[in-house]
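Comments concern the structure below.
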Amino acid sequence: MNSPATYLHWGFILISIPNLLVIGGMVVLFGIALVAPFPHGDKDDDGHN
Amino acid sequence: METKTTMDTTKPGPSSWTLRVRQLLERRLPMDHLLPDRQPYYVGSWVYVFGVITIAAVGWVVLSGVVLAFMGPQWWHDSRLGRFFNSMHFWSVQLFFIFMVLHLWGQYFMAGWRHGRASTWLIGVVIFGISILTAFTGYLSQQNFDAQYIAINAKDAMNAAGAGAFFNVLNFGQMYGLHVMLLPIGVILLVALHIVMVRMRGVVKPIDAEGAARS
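Sequences listed follow chains P and R, in order.
With the first letter of the first sequence counted as 1, position 26 gets the number 26 in this note's numbering; the numbers rise by one all the way through.
Start counting at 1 in the second sequence, then tack on 1000, and there's your number in this note's numbering.
Right under this line is the structure:
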């Protein structure tokens, strides 16, 4: 925790591994939110849950 | 002799500004929109939950921040309970930013600014900007070596941007005042306005549903 983070460097892109992991985790979470089934109540006549 | 008093009637005249404001609020903010018990059928995805988690996170940020402001830096560094509240403040901020950005991605891909919702989107952008400033002044208010390191490095960026004259990151009183008072008030008021605007217009229809309705 008290040492500097390791950085990845490709061309003009410079990012620390902890930041990359957080962004990767957010992308995965967003993907799961899109495909995971959402618990639904029954739809009523005017199209509401 | 006839006497006239202003207390004759309880009915307000048409010139009453309180009546006009009340009628405007009743027209623009009906309670069944503000506190709905049902949602349209398309509000059935976890993507819609990101905004609510962001609100929950900001609630924890404010609550833990109030305790930290009341007890002071000695407490949040030296006592176990203080370090717990300090950590809770820090990690709720991490959750706030993570879910605010996920909410932003969700609204971007569903084009959440459609059908008169541009101002709601723009207020969200402003909240994002003020939140970054609030987090930055928070890092400067920690009262530890991290805060000093960030302040010393940030001052050159502030001066280069021309903001150094009125935003002095080496002035702890100014940074702490901004962090615990001015900027949080801005965030809280704008988040409240953002939520009211979402409730006034409801959740935007998915793009697919619109296409299907047109064809």
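Just so it is clear, CB atoms sit at the ideal spot from N, CA and C, and this is done for glycine as well.
Could you tell me how far apart the beta carbons of residue i and residue j are, in whole angstroms, since I believe they sit closer than 8 Å?
i, j, result
"R/A1154", "R/V1169", "5 Å"
"P/M26", "R/I1098", "6 Å"
"R/W1044", "P/F38", "Here the sequence assigns Gly to residue 1044 of chain R, which means Trp is not the residue at that position. Yes, R/G1044 and P/F38 are in contact; Cβ-Cβ is about 5 Å, under 8 Å."
By alpha-carbon positions, which one of the options ends up nearest to residue i?
i, options, result
"R/M1100", "R/V1198, R/S1131 and R/G1116", "R/S1131"
"R/P1179", "R/G1044, R/I1055 and R/V1061", "Per the sequence presented here, residue 1179 of chain R reads as His, with Pro not at that position. The option with the nearest alpha carbon to R/H1179 is R/V1061."
"R/P1184", "R/T1134, R/S1087, R/P1040 and R/F1097", "R/T1134"
"R/L1095", "P/I23, P/S3, P/A36 and P/H40", "P/I23"
"R/V1204", "R/Q1039, R/S1141 and R/S1015", "R/Q1039"
"R/V1049", "R/G1106, R/A1157, R/G1059 and R/Y1149", "R/G1106"
"P/P18", "P/P4, P/A33, P/H40 and P/V35", "P/P4"
"R/Y1139", "R/A1118, R/G1129 and R/V1093", "R/V1093"
"R/I982", "R/W1046, R/F1166 and R/F1172", "Because residue 982 of chain R is not part of the residues shown, which for chain R are 1001 to 1215, the question remains open."
Which residues in the same chain have their Cβ closer than 8 Å to the Cβ of residue i, if we skip the five residues on either side of it in sequence?
i, result
"R/M1001", "Because R/M1001 sits at a pLDDT of 49, beneath the cut-off of 50, its placement in the model cannot be relied upon, and the following sentence gives the value as read from the coordinates. Within the same chain, R/M1001 has no close Cβ partners at all."
"R/I1123", "L1190, L1193, H1194 and M1197"
"R/V1187", "V1058, I1127, I1130, S1131 and T1134"
"R/T1120", "G1112, W1113, H1194, M1197, V1198 and R1201"
At a threshold of 7 Å, does residue i count as lining the ligand GTP (C-beta to nearest heavy atom)?
i, result
"R/G1082", "By its list of ligands, the structure shown contains no ligand whatsoever, and the ligand GTP lies outside what it can speak to."
Among the residues of its own chain, which have a CB less than 6 Å from the CB of residue i, if the five just before and after it don't count?
i, result
"R/S1064", "F1085, M1088 and H1089"
"R/W1076", "L1068, G1082 and N1086"
"R/S1016", "none"
"P/L34", "none"
"R/I1152", "none"
Output needed for residue i: all residues of its chain with C-beta closer than 7 Å, excluding positions within five of it in sequence on either side, in chain order.
i, result
"R/G1164", "K1155 and M1158"
"P/L8", "I15, I17 and L20"
Continuous alpha helix (DSSP H) assignments of at least 4 residues falling wholly in the stretch 1025-1106 of chain R = 1031-1034, 1049-1071 and 1073-1078
ask   = Counting Cβ pairs, one atom from each stretch, are 3 or more of them under 8 Å apart for the stretch 1033-1048 of chain R and the stretch 1057-1075 of chain R?
value = no
ask   = Taking three-plus beta-carbon pairs below 8 Å as touching, is the stretch 1016-1028 of chain R in contact with the stretch 1142-1162 of chain R?
value = no
request  = Let me know the alpha helix (DSSP H) ranges lying completely inside the stretch 1118-1148 of chain R, each 4 residues or longer, listed in chain order.
outcome  = 1118-1140
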